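Residue numbers (the numbering used here), protein chains in the order written: chain A, 2 to 788; chain B, 116 to 417.
Ideal placement from N, C-alpha and C gives every residue a C-beta, glycine not left out.
For clarity, every value in this text was computed on a predicted model and none was experimentally measured.
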Amino acid sequence: MNDRIRELRRQSLEARPVISAERALLITEFYRGLAGPTDSAPVKRALALKHLLARKSLYLGPGELIVGERGPEPKATPTYPELTCHSLQDLDILDSRPKTPFFVSPETRAIYRDTIIPFWKGHSLRDKIFAEMSAPWTKAYQAGVFTEFMEQRAPGHTVLDDKIYGRGFEDFRRDIARNLELLDPLRDPEALRKREQWRAMDIAAEALVLYAERYAGLARDLAAAEKDPRRKEELGRIAEVCSRVPRHAPRNLWEALQYYWFVHLGVITELNTWDSFNPGRLDHHLDPFYQRGLAEGSLDRDKAQELLQAFWIKFNNQPAPPKVGVTAEESATYTDFCLINLGGLAEDGADGVNEMSYLLLDVVEEMRLLQPSSMVQVSRKNPDRFLKRALRIVRTGYGQPSIFNAEAILQEMLGQGKSLKDARSGGASGCVEAGIFGKENYNLTGYFNLPKVLEITLHDGLDPRSGKRIGLATGGPESFASFDQLFEAFRRQVRHFVDVKVAGNNIIERLYAEHMPAPFLSLLIDDCLERGRDYHDGGARYNTSYIQGVGLGTLSDCLASLKYHVFEKKTLSLGEMVKVLQADFQGQEPLRQLLLNKTPKYGNDDDYADDLMKRAFEAYYEAVEGRPNTKGGAYHINLLPTTVHIYFGRVTGATAEGRKAGEPLSEGISPVQGADRQGPTAVMKSAAKMDHLRTGGTLLNQKFTPQLLADESGLDNLVHLVRTYFQMDGHHVQFNVVSAETLRQAQKDPQKYRDLIVRVAGYSDYFVDLGETLQNEIIRRTEHDSF
Amino acid sequence: MVTGVLFDIKRYALHDGPGIRTTVFFKGCPLRCAWCHNPEGQSPFSELMVKPSRCLADCYLCLERCPEAAVSKSGDILRVDRQKCRTCGACAEACPAEALVLIGRRVSASQAAAEIFKDEVFYRQSGGGVTFSGGEPVMQTSFLEELLEECHRREVHTTVDTSGHVPWPSLASVQSKVHLFLYDLKLMDEDRHRDLTGVTNLIILENLKRLVQGGSRVVVRLPLIKGLNDDRDNIEATAEFLRGLGGVERVDLLSYHALGRAKYERLDRPQPAGEYAAPSRRELEQIKNRIQAFGLEVHTGG
Numbered sequence: 002m003n004d005r006i007r008e009l010r011r012q013s014l015e016a017r018p019v020i021s022a023e024r025a026l027l028i029t030e031f032y033r034g035l036a037g038p039t040d041s042a043p044v045k046r047a048l049a050l051k052h053l054l055a056r057k058s059l060y061l062g063p064g065e066l067i068v069g070e071r072g073p074e075p076k077a078t079p080t081y082p083e084l085t086c087h088s089l090q091d092l093d094i095l096d097s098r099p100k101t102p103f104f105v106s107p108e109t110r111a112i113y114r115d116t117i118i119p120f121w122k123g124h125s126l127r128d129k130i131f132a133e134m135s136a137p138w139t140k141a142y143q144a145g146v147f148t149e150f151m152e153q154r155a156p157g158h159t160v161l162d163d164k165i166y167g168r169g170f171e172d173f174r175r176d177i178a179r180n181l182e183l184l185d186p187l188r189d190p191e192a193l194r195k196r197e198q199w200r201a202m203d204i205a206a207e208a209l210v211l212y213a214e215r216y217a218g219l220a221r222d223l224a225a226a227e228k229d230p231r232r233k234e235e236l237g238r239i240a241e242v243c244s245r246v247p248r249h250a251p252r253n254l255w256e257a258l259q260y261y262w263f264v265h266l267g268v269i270t271e272l273n274t275w276d277s278f279n280p281g282r283l284d285h286h287l288d289p290f291y292q293r294g295l296a297e298g299s300l301d302r303d304k305a306q307e308l309l310q311a312f313w314i315k316f317n318n319q320p321a322p323p324k325v326g327v328t329a330e331e332s333a334t335y336t337d338f339c340l341i342n343l344g345g346l347a348e349d350g351a352d353g354v355n356e357m358s359y360l361l362l363d364v365v366e367e368m369r370l371l372q373p374s375s376m377v378q379v380s381r382k383n384p385d386r387f388l389k390r391a392l393r394i395v396r397t398g399y400g401q402p403s404i405f406n407a408e409a410i411l412q413e414m415l416g417q418g419k420s421l422k423d424a425r426s427g428g429a430s431g432c433v434e435a436g437i438f439g440k441e442n443y444n445l446t447g448y449f450n451l452p453k454v455l456e457i458t459l460h461d462g463l464d465p466r467s468g469k470r471i472g473l474a475t476g477g478p479e480s481f482a483s484f485d486q487l488f489e490a491f492r493r494q495v496r497h498f499v500d501v502k503v504a505g506n507n508i509i510e511r512l513y514a515e516h517m518p519a520p521f522l523s524l525l526i527d528d529c530l531e532r533g534r535d536y537h538d539g540g541a542r543y544n545t546s547y548i549q550g551v552g553l554g555t556l557s558d559c560l561a562s563l564k565y566h567v568f569e570k571k572t573l574s575l576g577e578m579v580k581v582l583q584a585d586f587q588g589q590e591p592l593r594q595l596l597l598n599k600t601p602k603y604g605n606d607d608d609y610a611d612d613l614m615k616r617a618f619e620a621y622y623e624a625v626e627g628r629p630n631t632k633g634g635a636y637h638i639n640l641l642p643t644t645v646h647i648y649f650g651r652v653t654g655a656t657a658e659g660r661k662a663g664e665p666l667s668e669g670i671s672p673v674q675g676a677d678r679q680g681p682t683a684v685m686k687s688a689a690k691m692d693h694l695r696t697g698g699t700l701l702n703q704k705f706t707p708q709l710l711a712d713e714s715g716l717d718n719l720v721h722l723v724r725t726y727f728q729m730d731g732h733h734v735q736f737n738v739v740s741a742e743t744l745r746q747a748q749k750d751p752q753k754y755r756d757l758i759v760r761v762a763g764y765s766d767y768f769v770d771l772g773e774t775l776q777n778e779i780i781r782r783t784e785h786d787s788f
Numbered sequence: 116m117v118t119g120v121l122f123d124i125k126r127y128a129l130h131d132g133p134g135i136r137t138t139v140f141f142k143g144c145p146l147r148c149a150w151c152h153n154p155e156g157q158s159p160f161s162e163l164m165v166k167p168s169r170c171l172a173d174c175y176l177c178l179e180r181c182p183e184a185a186v187s188k189s190g191d192i193l194r195v196d197r198q199k200c201r202t203c204g205a206c207a208e209a210c211p212a213e214a215l216v217l218i219g220r221r222v223s224a225s226q227a228a229a230e231i232f233k234d235e236v237f238y239r240q241s242g243g244g245v246t247f248s249g250g251e252p253v254m255q256t257s258f259l260e261e262l263l264e265e266c267h268r269r270e271v272h273t274t275v276d277t278s279g280h281v282p283w284p285s286l287a288s289v290q291s292k293v294h295l296f297l298y299d300l301k302l303m304d305e306d307r308h309r310d311l312t313g314v315t316n317l318i319i320l321e322n323l324k325r326l327v328q329g330g331s332r333v334v335v336r337l338p339l340i341k342g343l344n345d346d347r348d349n350i351e352a353t354a355e356f357l358r359g360l361g362g363v364e365r366v367d368l369l370s371y372h373a374l375g376r377a378k379y380e381r382l383d384r385p386q387p388a389g390e391y392a393a394p395s396r397r398e399l400e401q402i403k404n405r406i407q408a409f410g411l412e413v414h415t416g417g
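Here it is, written out as structure tokens:
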């Protein structure tokens with residue numbers, strides 16, 4: 002990386018996340034006096050965006066090539082009081098919490114106290130949502146049965162396709178004008194709604210063009226004052242780029258990147274969408290510009306790399322908007338989940354890996370930033386070289402890129418009824434969620450705590466933490482004569498809580514459609530523009546709602562434990578088990594160890610436990626799959642946790658597989674931490690027993706030490722491991738190459754790290770099974786190995 | 116039904132032949148190498164392994180179950196009286212914490228096969244397969260034959276890791292079903308070999324010759340222990356012998372590691388008398404060069 006990038010990267014890494022009150026002030030100003038009383042909701046939102054983009058501070062730092070920030074400067078993070086109005090207490094928490102804090106200046110606090118809070122308190126969408134929720138919803142939410150993604154952040158969860166690389170916003174506006182012209186109020190009963198939506202979209206499109214013009218002006222001013230002739234010329238180029246895009250289609254790599262970045266800022270300024278926004282399959286979009294630049298001689302590899310690196314830094318400058326409450330628990334991170342997709346299949350189904358794929362992997366490796374995230378879609382048609390290149394980055398312990406199965410994603414999409422052509426332009430976003438890029442609204446609506454539902458089942462519908470009834474009365478523990486009866490009660494409870502959750506979602510989705518339309522985002526996702534329908538109101542071609550199941554590993558092991566010890570071996574009765582769990586295994590350590598060590602566990606390729614996992618999967622799938630949402634689409638499941646398995650663990654008492662109260666649940670579809678003892682092939686075999694293709698994404702984490710991947714054959718075998726998992730239809734796997742610090746943890750707490758494999762000397766073994774001296778030697782080696 | 120005694124089955128074994136493999140460890144070995152890192156593989160019978168650090172306070176299930184009163188706990192220290200213990204395994208079965216583990220179980224060939232072929236899909240993708248190791252797998256000849264036969268039916272690649280100290284007819288009977296032999300050579304000097312492994316090397320060298328002459332693919336593995344067998348004389352004598360055989364595919368150098376040390380304690384066996392160490396990286400490189408000088412292909416690591 003050159004000096005310019007090194008400096009920009011340093012600034013990005015060192016910038017401190019602070020709360021900026023600018024957006025809150027501007028939006029309040031707009032709603033207080035400028036919003037027309039008769040404007041429709043979409044037009045009002047479009048005018049609000051225009052107000053923001055016309056007035057928000059510009060930032061153009063020294064050395065920058067790609068310009069524009071969400072806040073007034075890098076990591077100055079705006080708030081969205083129309084959605085969530087932070088209280089003074091929230092601000093104090095944000096300012097002082099040890100993890101993911103945001104600095105709140107006394108001025109910001111004063112602005113909130115005097116202006117923002119008085120105007121928005123009780124009137125934010127969050128207030129409306131909580132006021133609308135039923136008593137059963139509120140009780141289940143407070144008990145930690147599920148979370149709610151839309152309560153303080155807007156549904157976004159969508160990804161851009163290639164539509165901006167061949168067309169400018171002027172073209173979009175022309176389409177809108179044509180639609181307005183052809184609108185026939187006589188024959189179209191929805192004429193008014195469409196007209197308002199198109200007007201709003203036009204205003205939103207114009208707003209971004211004007212915002213870019215402001216940057217062009219700033220760059221011209223800076224160029225005029227600049228002494229350094231090289232920088233002067235660069236600023237001139239920036240001015241030229243910003244007056245070209247997004248108004249017109251981009252002509253070169255620089256314009257393409259700047260165009261996307263303006264669009265990104267438009268989306269995340271309009272609303273605080275989940276997963277920010279995402280350019281999707283960036284190698285596919287950018288390679289033509291790269292090739293053309295090389296052919297014309299206007300670009301070389303170094304220049305292209307520099308532009309891409311400058312682009313990367315822009316993502317890292319935007320921490321996720323400050324979350325509070327349960328939402329902060331489920332997603333305790335600064336990352337805003339933009340997941341760059343590389344590789345996979347081309348639109349015609351051919352191998353989609355190109356030169357830009359490799360160039361971007363170089364960028365990922367060199368930049369080593371938290372954001373953006375990156376992934377590779379691995380198709381059976383992609384060369385091993387591509388997968389191996391990605392795994393070389395993985396082995397440095399960076400945790401990126403994550404590895405996805407392109408064919409599985411394709412089949413998942415086809416299974417959901419999407420066309421083959423559209424399915425091929427799909428991928429994964431956020432953590433692992435599959436969707437069609439540029440044509441789908443696929444919303445994660447909340448996490449669902451599966452082990453908690455089993456706990457409630459074992460307590461006849463009561464939450465043992467509060468003693469309150471929150472579930473169905475399905476009978477006390479002594480009433481179940483067989484495991485099947487118990488499982489049936491569990492199945493009914495799952496269905497009940499999914500009912501409660503979906504009833505809530507149905508209201509929340511409509512609140513967004515009516516109060517918070519997103520005309521800007523609607524410009525970007527087909528077929529909102531063609532239909533004259535908002536993104537939140539079913540305008541997208543495909544509309545999917547997901548409920549993300551959490552703790553499948555913990556649940557499976559609990560079921561195995563209950564079936565094996567209670568109903569088969571009769572080690573103890575179900576009533577006795579429930580008492581032991583209520584007492585958090587107090588005085589029952591031998592029993593707890595028995596449950597931990599002498600019970601079939603998911604993740605070992607043991608059908609006893611894996612069959613129960615499949616049964617639990619089916620129960621959850623049936624409870625969710627195919628329910629209609631409010632946008633003309635349907636519900637599906639996916640299985641991923643972000644950080645919610647920690648929170649869900651905290652609200653769940655001791656569990657029958659030996660987990661103590663409050664400890665984390667298993668994450669994704671990974672086995673319980675330390676329960677898998679047969680190595681990675683067994684984990685993958687177990688995980689592949691569920692039908693990944695009927696989900697919208699599953700997450701599998703595997704831990705490795707660097708030594709295991711040190712040589713070429715280690716890497717080759719990792720390629721084989723991935724390829725085989727994908728042959729079995731696995732959706733995703735990520736390799737966590739552990740640090741010396743983790744090994745030290747494993748030394749202290751061996752039970753949790755039973756699955757950690759280390760390479761010893763031409764030989765691999767479980768770390769916790771090694772003697773202390775040898776463990777120490779490996780820790781030392783891990784510290785010193787640098788790839 | 117043919118049965119055999121195994122002490123472990125390890126999946127995702129990457130160092131015992133090509134690709135992703137499952138390594139099957141046969142219990143029982145004719146050699147008693149002083150530096151052995153798998154001492155639990157030596158005896159052909161089940162053995163009780165004790166890991167006192169895993170033992171739970173206030174848990175006496177093993178004491179309750181042991182029919183011979185061989186298990187005791189004084190303070191919190193778990194002990195097994197090996198004179199009284201008849202390795203019935205009752206204590207290990209009762210132990211919730213895996214402080215007591217019975218090593219070695221008798222299984223039928225079909226039980227073993229059920230485990231072995233679980234990773235078949237990985238073998239196919241990676242060009243891997245099954246490695247039979249130990250202990251000495253060829254000692255349990257008919258059991259090994261049965262498993263090799265099953266591998267053949269399924270067209271799965273087979274590797275046998277052998278000490279070579281077995282009657283030739285045993286080796287001959289499996290030869291045609293083994294795709295690759297990993298053949299361990301410890302020392303060329305017969306007296307020193309006898310001192311350090313308890314057996315002569317004459318059978319080992321003769322069997323190796325016959326295997327190679329019979330057309331088997333053979334990779335020779337040299338475990339290297341500093342000061343015992345890494346001297347120039349032994350290395351050159353080994354290389355000379357291997358060159359003479361003509362058909363050895365490759366020589367793998369395996370450095371000694373101390374992994375097995377803790378196991379002796381857990382089996383209540385005396386630790387090997389000597390202090391063993393691996394040759395240094397430089398010495399290893401030198402050994403590699405010496406052997407290569409005889410026109411042989413050499414790899415370090417398995």
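Item                                                                                                                                                                                                    : Value
Starting from B/K233, find everything on chain A with Cβ-Cβ shorter than 7 Å and list it in chain order.                                                                                                : D606, K686
Can you tell me whether DSSP reads B/T274 as helix, strand or coil?                                                                                                                                     : strand
Does the stretch 135-154 of chain A come into contact with the stretch 116-124 of chain A, if we say contact requires no fewer than three beta-carbon pairs (one atom in each stretch) closer than 8 Å? : no
Per DSSP, A/Y547 forms a beta bridge with which residues?                                                                                                                                               : A/L445, A/H637
Taking three-plus beta-carbon pairs below 8 Å as touching, is the stretch 196-214 of chain A in contact with the stretch 523-539 of chain A?                                                            : yes
Can you list, in chain order, the residues of its chain with a C-beta nearer than 6 Å to that of A/V146? Leave out the 5 residues immediately preceding and following it.                               : N450, K453, F498
Within its chain, find whatever has a CB closer than 6 Å to the CB of A/D786; leave out the 5 residues flanking it on each side and keep chain order.                                                   : Note that A/D786 scores 42 on pLDDT, short of 50, meaning its location in the model is unreliable; the coordinates nonetheless yield the value given after this. The answer, listed in chain order, is P707.
Could you tell me which chain B residues have their CB closer than 8 Å to the CB of A/L582, listed as they occur along the chain?                                                                       : Those within 8 Å of A/L582 in chain B number zero; the least Cβ separation is about 17 Å.
For B/Y127, return the contacting residues in chain A, with the cut-off set at a CB-CB distance below 9 Å.                                                                                              : Q679, G680, P681, T682, A683, N718, L722, I758, S765
If you drop the 5 nearest sequence neighbours on each side, which residues of the same chain put their C-beta closer than 7 Å to that of A/I6?                                                          : E307, Q310, A311
What separation, rounded to the nearest whole angstrom, lies between the Cα atoms of A/Q486 and A/G659?                                                                                                 : 22 Å
Decide if A/E773 is buried, meaning its Cβ has at least 16 other Cβ atoms within 10 Å, or exposed.                                                                                                      : exposed
By DSSP, does A/M134 sit in helix, in strand, or in coil?                                                                                                                                               : coil
Does any residue of chain A bring its CB to less than 8 Å from the CB of B/A224?                                                                                                                        : no
Could you give the DSSP three-state label for A/A584: helix, strand or coil?                                                                                                                            : coil
Applying a beta-carbon distance threshold of less than 9 Å, which residues of chain B neighbour A/E590?                                                                                                 : L171, A172, D173, C174, P211, A212
Kindly indicate which three-state DSSP category A/Q735 falls into: helix, strand or coil?                                                                                                               : strand
Find out if the Cβ-Cβ distance for the pair B/A209, B/C170 is shorter than 8 Å.                                                                                                                         : no
In angstroms, rounded to a whole number, what distance separates the CA positions of B/D276 and B/F141?                                                                                                 : 10 Å
At 3 residues or longer, and completely inside the stretch 528-580 of chain A: list those beta strand (DSSP E) runs for me, N to C.                                                                     : 543-551
Name, going along the chain, the residues of the stretch 143-155 of chain A whose beta-carbon falls closer than 7 Å to a beta-carbon of chain B.                                                        : none
Given this structure, state the Cα-to-Cα distance separating B/K324 from B/W283, to the nearest angstrom.                                                                                               : 11 Å
When you compare the CB positions of A/A474 and A/F586, do they come within less than 8 Å of one another, or not?                                                                                       : no
Give me the chain B residues within the contact set of A/K602, using Cβ-Cβ distance strictly less than 9 Å, ordered along the chain.                                                                    : Chain B residues near A/K602: none, gap ~13 Å exceeds 9 Å.
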